[in-house]
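Enquirer:
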Amino acid sequence: MIRAGTFIVVLTIAAALAGPMLSPYDPSAQELARRLEPPSFQHPFGLDELGRDILARILSGARISLLVGLAVVGVSSLTGMALGSIAGYFGGKLDDVISRVTDVLMAFPGILLAIALVAVLGPSLTNVVLALSVIGWVGYARLVRGQALRAREFEFVQAARALGAGSSRIVLRHVLPTALPSVVVQATLGMAGAIIAEASLSFLGLGVQPPTPSWGTMLDAGRSHLFDAPHLTIFPGLAIALLVLGFNFLGDGLRDRVDPKLVK
Amino acid sequence: MLRYLARRLLLTIPVLLGVATLVFALIHLVPGDPAQSMLGDTASPADVQRLRENLGLNDPLLVQYGKFMSGIARGDLGTSFRYGTPVTQEIRSRLLRTLQLAVAAMAVAILFAIPLGIIAAVYRGTAIDHSAMTLALAGISMPNFWLGPLLAILFAVILGWLPVAGTGSPLHLVLPAATLGAALSAILARMTRASLLEELRELYVLSARARGVSRVRAVLRHAFRNSLIPIVTIIGLQFGAVLTGTIITETIFAWPGVGRLLIQAINFRDYPLVQGCILFISFTYVMVNLLTDLTYGWLDPRIRFE
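From first to last, the protein sequence lines are chains A and Z.
Numbered by numbering that gives the first Met the number 0, the letters in the first sequence go through residues 0 to 263 in order.
Numbered by numbering that gives the first Met the number 0, the letters in the second sequence go through residues 0 to 305 in order.
This is the structure in structure tokens:
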């Protein structure tokens with residue numbers, strides 16, 4: 000599972016980076032006379048409603064999807080780890096406040112809050128990352144809080160405290176490393192979630208705005224051409240499903256490694 | 000059980016208050032003046048002022064918050080800017096459609112996932128198991144905004160068996176329900192497999208087999224019945240996810256429910272309606288989760304005494 004996931008993810012990253020070499024066409028260049036042309040040798044994925052090369056746009060969209068995924072996972076995991084370790088290690092009032100905020104945010108359906116935030120802040124790539132991070136950190140905070148609660152009772156943590164180590168050193172050097180394997184699993188699965196969420200928002204017209212190529216906006220454009228040009232829908236969706244499947248494979252495989260009880 | 004019920008209800012109150020506060024805060028996150036944003040740049044200052052007055056935006060923030068909360072308590076979510084009607088009326092008129100879709104999607108998911116999960120567990124480690132679980136993982140990875148159009152291309156465009164979008168006959172419900180139910184069935188199949196595998200290891204299953212009970216009967220009548228608690232919980236918890244999934248599915252298939260109403264309200268910058276729809280969906284989500292917890296507590300007494 001890990002191998003299959005790694006293969007798909009590495010292949011997508013390589014394709015996103017080598018985009019111009021794989022398709023010589025400019026993703027924004029229009030050829031209106033040839034709009035909606037089906038796949039051909041010259042354009043393997045065909046042309047879209049404005050005569051743009053779909054393969055070039057998918058490769059360019061891969062960069063957006065990966066960028067959003069990395070940004071959301073980066074911001075969410077760092078925020079979640081910081082707040083989760085503070086709540087778990089220090090406990091008391093701080094834990095109460097952080098836990099109540101996570102309770103409310105977890106009670107809120109994630110994508111709905113993201114839709115709401117982007118709806119009021121306005122559709123843009125930055126706002127998508129912001130909205131997805133606002134809901135994304137909660138899972139990491141819960142996970143790290145639980146690990147920190149356990150870790151603070153470990154003998155090596157108590158020994159560090161007895162030797163006079165400061166709280167921040169104990170959290171950074173001793174408590175957080177115990178949570179890292181689980182955080183990595185969550186982050187891998189989080190990449191899949193962030194990619195789908197970005198594409199969903201863009202599909203609804205709330206994410207990346209045209210003419211920037213995004214897999215979600217490409218699918219949205221394909222909706223009007225289901226009858227006459229289904230290739231507009233098939234290829235961008237395939238790209239999303241494949242990349243998300245890759246991250247899910249990788250996350251599932253890593254989880255099995257991290258928690259051997261699951262593969263018993 | 001009564002103490003457990005009271006404790007869970009009490010715990011839900013701050014969550015509902017938090018959700019309502021978040022929804023209240025939304026309109027104040029609008030960059031610039033929400034009234035100007037709703038009316039557009041060409042609106043006259045007098046019109047903007049009138050709308051600010053109507054929305055209560057000229058009141059101090061605490062007064063606005065108080066009015067918002069008391070409105071919720073009375074079931075008054077304000078007036079839609081686009082339709083000029085109470086928000087609750089707009090939601091009520093579309094509620095049945097959303098419920099129809101959500102229930103149909105759950106039914107599709109349960110009918111497909113439970114047999115798949117049982118087969119995967121019984122044939123654990125074989126090609127059947129791997130194929131079933133890969134299919135399930137593919138179901139989770141396949142976004143519904145892709146699956147929906149794909150099903151429409153196959154069943155409506157190529158085969159011509161089903162209508163592409165809209166309402167009017169039970170056939171109109173098939174594609175949206177299958178689209179919405181696919182991800183849930185993938186999760187449910189994985190859960191059924193995992194839960195059943197746990198039970199199949201138990202001694203009572205072995206002893207049933209030793210007493211001469213057939214394999215099918217041992218799996219279905221003994222192990223599967225006991226593996227139902229986590230499955231029922233997941234079904235309940237996922238109902239909330241299905242509810243939010245209706246937003247995209249209704250948009251794809253032009254299904255006139257609350258989810259589509261929300262997206263239309265966003266496009267028209269009808270903020271009171273946006274707030275109302277979000278509040279309604281999230282309150283329903285919280286209440287469904289509460290009901291699931293209560294059912295879980297009722298099914299498994301250990302939960303009540305924790």
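Each residue gets a CB set at the ideal place from its N, CA and C atoms; glycine is no exception.
As the structure is a computational prediction, the values presented were derived from the model and not from experiment.
Let's see if you can read the secondary structure: which residues bound the alpha helix (DSSP H) around residue 111 of chain Z?
Expert: Reading the second sequence from its first residue, position 112 is the one you call residue 111 of chain Z. Residue 111 of chain Z -> alpha helix (DSSP H) spans 86 to 121.
Enquirer: Could you tell me which residues DSSP puts in a beta bridge with residue 248 of chain Z?
Expert: Taking the first residue of the second sequence as position 1, residue 248 of chain Z is located at position 249. DSSP output for residue 248 of chain Z lists no bridge partner at all.
Enquirer: Against chain A, with Cβ distances strictly below 9 Å, would residue 270 of chain Z count as a contact?
Expert: Translated into the one-based positions of the second sequence, residue 270 of chain Z becomes position 271. Chain A, which has a Cβ nearer than 9 Å to the Cβ of residue 270 of chain Z, makes this yes.
Enquirer: Which of the three DSSP states, helix, strand or coil, is assigned to residue 46 of chain A?
Expert: Reading the first sequence from its first residue, position 47 is the one you call residue 46 of chain A. In the structure shown, residue 46 of chain A sits in a strand (DSSP, three-state: E or B).
Enquirer: Which residues in chain Z sit within 8 Å of residue 232 of chain A, going by Cβ to Cβ distance?
Expert: Locating residue 232 of chain A in the first sequence gives position 233, where the first residue counts as 1. Here the neighbours are 145, 148, 149 and 152.
Enquirer: Give the straight-line distance between the Cα atoms of residue 163 of chain Z and residue 79 of chain Z, rounded to the nearest whole angstrom.
Expert: Working through the second sequence from its first residue, we reach residue 163 of chain Z at position 164. Working through the second sequence from its first residue, we reach residue 79 of chain Z at position 80. Computed Cα separation, rounded: 30 Å.
Enquirer: For residue 78 of chain Z, name the three-state secondary structure that DSSP assigns.
Expert: In the second sequence, residue 78 of chain Z corresponds to position 79, counting from 1. Strand, per DSSP.
Enquirer: By Cβ distance, which residues of its chain are closer than 7 Å to residue 308 of chain Z, with the 5 residues on each side in sequence left out?
Expert: Residue numbering for chain Z in the displayed model covers 0 to 305; residue 308 of chain Z lies beyond these limits and cannot be assessed.
Enquirer: Per the DSSP calculation, residue 52 of chain A is bridged to which residue(s)?
Expert: What you label residue 52 of chain A is simply residue 53 of the first sequence in a count that begins at 1. A:46.
Enquirer: From this set, Z:251, Z:236, Z:209 and Z:246, which residue's C-alpha is nearest residue 225 of chain A's C-alpha?
Expert: Within the first sequence, residue 225 of chain A is the residue found at index 226, counting from 1. Ranking Z:251, Z:236, Z:209 and Z:246 by Cα distance to residue 225 of chain A puts Z:251 first.
Enquirer: Mind checking whether residue 148 of chain A and residue 91 of chain A have CB atoms under 9 Å apart?
Expert: The residue you call residue 148 of chain A lines up with position 149 of the first sequence. The residue you call residue 91 of chain A lines up with position 92 of the first sequence. Against a cut-off of 9 Å, the Cβ pair of residue 91 of chain A and residue 148 of chain A comes out as no contact.
Enquirer: By the DSSP assignment, the alpha helix (DSSP H) with residue 49 of chain Z in it spans what residues?
Expert: Taking the first residue of the second sequence as 1, we reach residue 49 of chain Z at position 50. Note, residue 49 of chain Z: alpha helix (DSSP H), 44 to 54.
Enquirer: Would a check of beta-carbon distances place residue 191 of chain Z closer than 9 Å to chain A?
Expert: Mapped onto the second sequence, residue 191 of chain Z falls at position 192. It does not: the Cβ of residue 191 of chain Z has no partner Cβ on chain A nearer than 9 Å.
Enquirer: Under 7 Å, CB to CB, which of the residues in the stretch 64 to 76 of chain Z have a partner in chain A?
Expert: Within the stretch 64 to 76 of chain Z, no residue has a Cβ that lies closer than 7 Å to any Cβ of chain A.
Enquirer: Give the C-beta separation of residue 96 of chain Z and residue 254 of chain Z to the nearest angstrom, bearing in mind that I take them to be a contact with Cβ-Cβ under 8 Å.
Expert: Within the second sequence, the letter at position 97 stands for residue 96 of chain Z. Within the second sequence, the letter at position 255 stands for residue 254 of chain Z. Sure, about 6 Å apart at Cβ, within 8 Å.
Enquirer: Considering Cα atoms alone, identify which of A:10, A:241, A:133 and A:248 is closest to residue 72 of chain A.
Expert: Position 73 of the first sequence, counting from 1, holds the residue named residue 72 of chain A. Per the Cα distances, A:133.
Enquirer: Taking the C-alpha atoms as reference points, what is the distance between residue 15 of chain Z and residue 175 of chain A?
Expert: For the purposes of this step, residue 15 of chain Z is identified with residue 16 of the second sequence, where counting begins at 1. For the purposes of this step, residue 175 of chain A is identified with residue 176 of the first sequence, where counting begins at 1. Between residue 15 of chain Z and residue 175 of chain A, the C-alpha separation is close to 32 Å.
Enquirer: With 9 Å set as the bound, which would you pick, yes or no: does the beta-carbon of residue 17 of chain Z sit closer than that to a beta-carbon of chain A?
Expert: Your numbering for residue 17 of chain Z matches position 18 in the second sequence. Judged by the 9 Å Cβ criterion, residue 17 of chain Z is in contact with chain A.
Enquirer: Candidates A:41, A:64, A:182 and A:30: which alpha carbon is nearest residue 48 of chain A's?
Expert: Counting from one through the first sequence, the residue named residue 48 of chain A turns up at place 49. Minimum Cα distance to residue 48 of chain A is reached at A:30.
Enquirer: Less than 9 Å between CB atoms is the rule here; does residue 229 of chain A satisfy it with respect to chain Z?
Expert: Taking the first residue of the first sequence as position 1, residue 229 of chain A is located at position 230. Cβ-Cβ to chain Z under 9 Å: yes for residue 229 of chain A.
Enquirer: DSSP three-state call for residue 39 of chain A: helix, strand or coil?
Expert: Position 40 of the first sequence, counted from the first residue, corresponds to residue 39 of chain A. Here residue 39 of chain A sits in coil by DSSP.
Enquirer: Flag this pair as yes or no: are the beta carbons of residue 240 of chain Z and residue 108 of chain A separated by less than 9 Å?
Expert: Counted from its first residue, the second sequence places residue 240 of chain Z at position 241. Counted from its first residue, the first sequence places residue 108 of chain A at position 109. For residue 240 of chain Z and residue 108 of chain A, yes; Cβs fall inside 9 Å.
Enquirer: For residue 108 of chain A, decide whether its Cβ has a neighbour in chain Z, counting only Cβ atoms nearer than 9 Å.
Expert: Stepping through the first sequence from its first residue, residue 108 of chain A is reached at position 109. At least one chain Z Cβ lies under 9 Å of residue 108 of chain A.
Enquirer: When the cut-off is 9 Å and only beta carbons count, does residue 168 of chain A lie next to chain Z?
Expert: Here the question's residue 168 of chain A lines up with position 169 in the first sequence. Not one chain Z Cβ lies under 9 Å of residue 168 of chain A.
Enquirer: Between the stretch 192 to 203 of chain Z and chain A, which residues of the former have a C-beta closer than 7 Å to a C-beta of the latter?
Expert: If the cut-off is 7 Å between Cβ atoms, the stretch 192 to 203 of chain Z has nothing near chain A.
Enquirer: Between residue 26 of chain A and the rest of its own chain, which residues show a CB-CB distance below 6 Å, the 5 nearest in sequence each way excluded?
Expert: Reading the first sequence from its first residue, position 27 is the one you call residue 26 of chain A. Here the set comprises 55, 56, 59 and 212.
Enquirer: The stretch 229 to 241 of chain Z: which residues have C-beta closer than 9 Å to a C-beta of chain A, in chain order?
Expert: From the stretch 229 to 241 of chain Z, only 239 and 240 have a Cβ closer than 9 Å to chain A.
Enquirer: Among the residues of its own chain, which have a CB less than 6 Å from the CB of residue 204 of chain Z, if the five just before and after it don't count?
Expert: For the purposes of this step, residue 204 of chain Z is identified with residue 205 of the second sequence, where counting begins at 1. Taken in chain order, the residues that qualify are 217, 221 and 222.
Enquirer: Since residue 141 of chain Z meets chain A, which of its residues come closer than 7 Å, beta carbon to beta carbon?
Expert: As a working mapping, residue 141 of chain Z is identified with position 142 in the second sequence. Neighbours of residue 141 of chain Z on chain A, chain order: 240.
Enquirer: Ordered along the chain, which non-local residues of its own chain (more than five positions away) have a Cβ less than 6 Å from that of residue 201 of chain A?
Expert: Locating residue 201 of chain A in the first sequence gives position 202, counting from the first residue. Same-chain partners within the cutoff: 207, 213, 215 and 216.
Enquirer: If residue 135 of chain A sits next to residue 75 of chain A, beta carbons under 8 Å apart, how far is it from one beta carbon to the other, in whole angstroms?
Expert: Taking the first sequence and counting its residues from 1, one reaches residue 135 of chain A at position 136. Taking the first sequence and counting its residues from 1, one reaches residue 75 of chain A at position 76. With 8 Å as the limit, residue 135 of chain A and residue 75 of chain A qualify as a contact, their Cβ atoms being about 3 Å apart.
Enquirer: Less than 9 Å separating the beta-carbons of residue 199 of chain Z and residue 121 of chain Z?
Expert: The count along the second sequence starts at 1 and reaches residue 199 of chain Z at position 200. The count along the second sequence starts at 1 and reaches residue 121 of chain Z at position 122. Against a cut-off of 9 Å, the Cβ pair of residue 121 of chain Z and residue 199 of chain Z comes out as a contact.
Enquirer: With 9 Å set as the bound, which would you pick, yes or no: does the beta-carbon of residue 281 of chain Z sit closer than that to a beta-carbon of chain A?
Expert: Numbered from 1 along the second sequence, position 282 holds the residue referred to as residue 281 of chain Z. Yes, its Cβ sits closer than 9 Å to a Cβ of chain A.
Enquirer: If we cut at 9 Å on Cβ distances, does residue 243 of chain A have a partner in chain Z?
Expert: Taking the first residue of the first sequence as position 1, residue 243 of chain A is located at position 244. So yes, residue 243 of chain A belongs to the interface.
Enquirer: Does the stretch 30 to 46 of chain A touch the stretch 0 to 11 of chain A, meaning 3 or more C-beta pairs lie closer than 8 Å?
Expert: No, the stretch 0 to 11 of chain A does not touch the stretch 30 to 46 of chain A.
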